[in-house]
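Written out as structure tokens, the structure reads:
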């Protein structure tokens, strides 16, 4: 089966590689011709590429399957262009990180022309080529079924994890790593919440490791507390100089917190044990905010995600004004002075 | 009635001033003789002072009433000394910020000697002299009743606030600003939770004002978002350049958030509209932590206090390691880079 | 000066009463004719009313001043109607709880006709008649200045609180209880954040009082812990049977947490000491959610507000599915069983 | 090598099974003789058991290795008894869930007798027999090294996960699933924080899945909002009827949130898709509280853990008083009524 891919960055190129490995073919479109050249030399006859969108559409077999895999900010314009170039029966896929609201609007706009819109939330990051991509899909059933051979090749496959106890027989697509979640937007909605969970899980590890990081506080600060600090009542309980890279490594096997995120964390700590290469200014790419917006809209408590997101805001200095306000209040009612910088 | 006061710092001296105003007399004890001299010249015959604790005890009428008003770290030793010097029937008061656990232990230790121990959580800060002190009291009923004339003079009095609808007749002591809360430790326990609430209320104001502070974000950052930033979907909704000192002032009259903390905040912002005199390193003096410990022990959710306390920790740099860990994870799974410093 | 008021419910009627007291006149519009009749009999010649909007507009002197004070859900339609009925130079005010986004849109729609739109966030609740209303105002400067005589009468006035130290001379409008915050929407924006702070402050009190409420846990549960409960390590620290109505009363005078919310809380607890008339299903009317949305948009940490809002969601049962999920996980990895219902 | 095991419940018995599989022998001690009989018939000559502690000690080769694996509440007394029965050079291990404070005290008490105390935080739950146990170890280096052959057999082994990139050569013990973390208490300290992370990660999944659970809110509640509810501004964005068991299944392969906890969650949802067998009353067994206590002591923000713990408290009804307080305040200042029960 043939896949058209707009955007041959790391994610797009790796999806192309995975389907070609499985015997499919691909046509690529990217303004950066070096991306096209690289895949052409690597994949031979199974790949064809062009920098021009109209040319690209012209090279595709009908019904065309066009997967758009470019930064979320640029996706809307490309899909509008494709709306002009594609024909009834064609399928356009947004595999990027669009907000699911957009999917709903786009599907509505393309529907009168008979063009099918499918949104695919794609997880897997830089490891997708070898590990496969986890695919969360929204759209009409017919087009999604039509894509099945491609989705199967892109997804990790049932062997990527042990089967869940009780499941037997023919594996469901979810067991193979791809799932048709619902109508337009459902794929990006599920991916969005996935990322929200990711924020929370990341923060859980970071917070716990921060406690371990300060477990030697009693040895380091015995008796040196100013009037504006709370003295440590039991310094003898905080005299552990822990090897945090090794702690993350030991948790990878047999513990309840074993996870892929932990695998990566152990790897990062092995490479840079004191995290010296980082400043701690953590950005957020939108999905966490949108998940929180959704929780607020439907009235579901989301304290974990909120805390994780706010920590990122705070890491970028956006608590400063509030902190100053607290200092101002403390001085006002109690004559308290701020702690000096460490 | 006579009060013995150990510690003539701002709080101790102001309590002495309030009782002398009401016709009582005081004997003070402070190693800083200038503190004694100041009160002596100010209060004349109503005040007598000495730097020596035994001498101080000797000058008191029996049954003695000794109020200890010194930093929490030094209180235990002084109360132990007083335990040696005082006699059966005497009353010793800790009016400082001891953890209530200590009260329970001290009352047990002093009880065999017939010395009564009373803990008084004292709120009012630097404004207590004019405003009166709010007194939360723990201890046996007899001794607390014996102190009533003094407590009445130290507390603000019923006129300090409008009476609660429905309350009439002789005002309860709570309406006058002092309350016998329960046995030893109850005073400091209630004061501790009072401070926990204070942390939360302070943080509520600081957080809201921080949102107002950034309400012009859409005007200031139109269209300048990097790939690692979430673009502002509706910059037109964040184009308010607000005068925050005036906003806090307007809320002081008629609004639901009017409070004494807000009065102080408005004052601080009038004096320093951009808070330039603060660095935002907010200390905590223990009560917030102890309140959270109590909430954990008895299984009561305390998300507001926890958030308020953690913000203070974070303001002092103690999120940094966790933040770096998040950056390390993001780089590991997604190849994301940190945001540059502003 | 004349004010037209659409909506003579409690808030609208009390605003009319306050301006009439100060010598102004009012024309009211309400479908509930009993509301009109009540004000007519109470205010005599100073008030005129009608159930018909066009008739109402016809009775107003030009330039007309029309204050709309009806539920947020109905406001948009009425303002659209007024947009048809009013003329260039007239002023329409939304004094209700609209989201400030609406203000921006409405001002844009009315501007071509020369109709001025002013949004006024109004705080004061059921006490506004006697206490005055705190007014946060958005709109163009000219029209807002035109309204000054009315705003001055509606607001509490400078005497409602002591002047902030350092402020002297002619009081600013903020000191009188009303403030022109900025262009269209600024009034509701500031009111929205005000309510966000209110959520946080309310939750701070509720949480602290909940800890006090459980301060006798050690006496009540000595030694009766099942294998699935964490035993209380120090029951001797939790043996306080506190009188919570009296505690809230004592805090009203001289303490750092004294506030109008605390006054109301003390009143509620005096009337219903065990809160038996409440089920604890706490609703939220939107402003808290919108404030959190704003914090997310501009990247400001809002952990206090988030916690306060999520507690309300949770109070309505919306944590249940998540709680069940936790129980399912605990059973899966550890064979743990749920606690039985109390 | 020989291991003495006190407590042959699921965890203790499975540890015995794992070492016997590897060629070691074991002596067991359990008052429940059926537990001894079961292991005797299963393990033959490699296992010997008795219900009497002194008899058990007598059967062990010196230097004795005694692993205590019983409920935390009973551990202290047994270790005191062993302190009387063991001799200089023997090793006693607490493999249960004691608070690490206890380890420090016990090590100090046993040290004068020459008895070595080792604490081993043991993760693995009901799956440890097949999966191996993750072991976090505290104590002196000599005794911990002496235990190496046993620890290697109990731990999962390096093959249980892919090696972290960059690690090669002889695997560290951490890579095999056991780690000597530091002096007495270090093992339980690391295990405690591990459980704190576990609480946070569990809550992240539960919260995200709760949002998915309510993703159809717009379809289910179109237009039926009371005056005390916030209407859903965009019901069209919440019309997803998601198959949550399948969603958790698809995330298991290739996604960033893949983890062992997710595997278990998918299994639980496959077995009980609507979680009908749970009431949502979630208990906590202490480690989460202790981790939060530690974070407070050393001044590290722990918002994720706090939120996770408070949700559990709340699931058991301990927010109710605070919720009622909020309702009381809302009625007091705004005349708001509570929402009726659903």
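Chains as they are written, first to last, in UniProt numbering: chain A, 1 to 342; chain B, 1 to 342; chain C, 1 to 342; chain D, 1 to 342. All C-beta atoms in this analysis are idealised placements derived from N, C-alpha and C, irrespective of residue type, glycine included. For clarity, every value in this text was computed on a predicted model and none was experimentally measured.
Inset, instruction - Entirely within the stretch 36-118 of chain C and at least 3 residues each: give me those beta strand (DSSP E) ranges in chain order. - result: 47-50, 65-68 and 91-94
Inset, instruction - Would you tell me roughly how many angstroms separate the C-alpha atoms of residue 298 of chain C and residue 328 of chain A, rounded to the nearest one? - result: 23 Å
Inset, instruction - Give the interface partners of residue 324 of chain D over in chain C, defined as CB-CB distance under 8 Å, in chain order. - result: 275, 278, 279 and 280
Inset, instruction - Measuring alpha carbon to alpha carbon, tell me which of D:243, D:323, D:235 and D:206 ends up nearest residue 277 of chain C. - result: D:323
Legend entry - Contact belief for residue 28 of chain A with residue 5 of chain A at Cβ below 8 Å, rounded distance in angstroms: 5 Å
Legend entry - Range covered by the beta strand (DSSP E) that runs through residue 25 of chain D: 25-29
Inset, instruction - Per DSSP, which residues does residue 178 of chain C bridge with? Please list them. - result: C:135
Legend entry - Test: residue 240 of chain C CB closer than 8 Å to a CB of chain D: no
Legend entry - Complete runs of the alpha helix (DSSP H) confined to the stretch 273-342 of chain B [at least 4 residues]: 287-298, 303-315 and 320-334
Legend entry - is_contact[residue 133 of chain D, chain A] using C-beta, thresh 8 Å: yes
Legend entry - For residue 169 of chain D, the residue or residues it bridges with in DSSP: Answer is none; residue 169 of chain D lacks a bridge partner.
Legend entry - residue 41 of chain B burial status per 10 Å Cβ neighbour count (16 or more: buried): exposed
Inset, instruction - Show which residues of chain A have a CB atom less than 7 Å away from the CB atom of residue 121 of chain B. - result: Under the 7 Å cutoff, chain A gives no residues; its nearest Cβ is about 14 Å from residue 121 of chain B.
Inset, instruction - Residues of the stretch 315-340 of chain C with a CB closer than 9 Å to any CB of chain A: list them in chain order, please. - result: 316, 318, 319, 321, 322, 333 and 334
Legend entry - Under 8 Å by beta carbon: chain B residues contacting residue 296 of chain D: 289, 292, 293 and 309
Legend entry - chain B contacts from the stretch 194-205 of chain C (Cβ-Cβ distance under 7 Å): 194, 196, 197, 198, 200, 201, 203, 204 and 205
Inset, instruction - Leaving aside the five residues before and after residue 75 of chain D along the sequence, list all residues of the same chain whose C-beta is less than 7 Å from its C-beta, in chain order. - result: 68, 94, 96 and 98
Legend entry - At least 3 beta-carbon pairs within less than 8 Å: the stretch 205-215 of chain A vs the stretch 171-187 of chain A: no
Legend entry - Beta-carbon spacing of residue 343 of chain C, residue 30 of chain C below 8 Å: Because chain C is modelled from 1 through 342, residue 343 of chain C falls outside the range shown and cannot be assessed.
Inset, instruction - Whole angstroms is fine: what's the gap from residue 54 of chain A's alpha carbon to residue 85 of chain A's? - result: 7 Å
Inset, instruction - Could you list the residues in the stretch 89-117 of chain A with a C-beta less than 8 Å from some C-beta on chain D, going in chain order? - result: 100, 101 and 104
Legend entry - Endpoints, the alpha helix (DSSP H) within which residue 250 of chain C is located: 244-251
Inset, instruction - Return no unless some Cβ of chain A is closer than 8 Å to the Cβ of residue 313 of chain C. - result: yes
Inset, instruction - Give the single residue among C:176, C:130, C:115 and C:108 whose Cα lies nearest to the Cα of residue 136 of chain C. - result: C:176
Legend entry - Contacting residues, own chain, Cβ-Cβ under 7 Å from residue 304 of chain A (five flanking each side not counted): 200
Legend entry - Beta carbon proximity, residue 301 of chain C to chain A, threshold 8 Å: yes
Legend entry - DSSP three-state assignment for residue 269 of chain D, whether helix, strand or coil: helix
Inset, instruction - Grab the span of the beta strand (DSSP E) containing residue 6 of chain B for me, first residue to last. - result: 2-6
Inset, instruction - Grab the span of the alpha helix (DSSP H) containing residue 187 of chain C for me, first residue to last. - result: 186-213
Inset, instruction - Within its chain, find whatever has a CB closer than 6 Å to the CB of residue 58 of chain D; leave out the 5 residues flanking it on each side and keep chain order. - result: none
Inset, instruction - Assign residue 226 of chain B to one of three DSSP states: helix, strand, or coil. - result: coil
Legend entry - Through-space distance from residue 229 of chain C to residue 267 of chain D, alpha-carbon basis: 26 Å
Legend entry - Contacts around residue 205 of chain C, its chain only, beta-carbon distance under 7 Å, and the 5 residues preceding and following it disregarded: 261, 262 and 265
Inset, instruction - Using a Cβ-Cβ cut-off of less than 9 Å, list which residues of the stretch 139-168 of chain B approach chain A; keep chain order. - result: none
Legend entry - Proximity of residue 191 of chain D and residue 285 of chain D at Cβ, strictly below 8 Å: no
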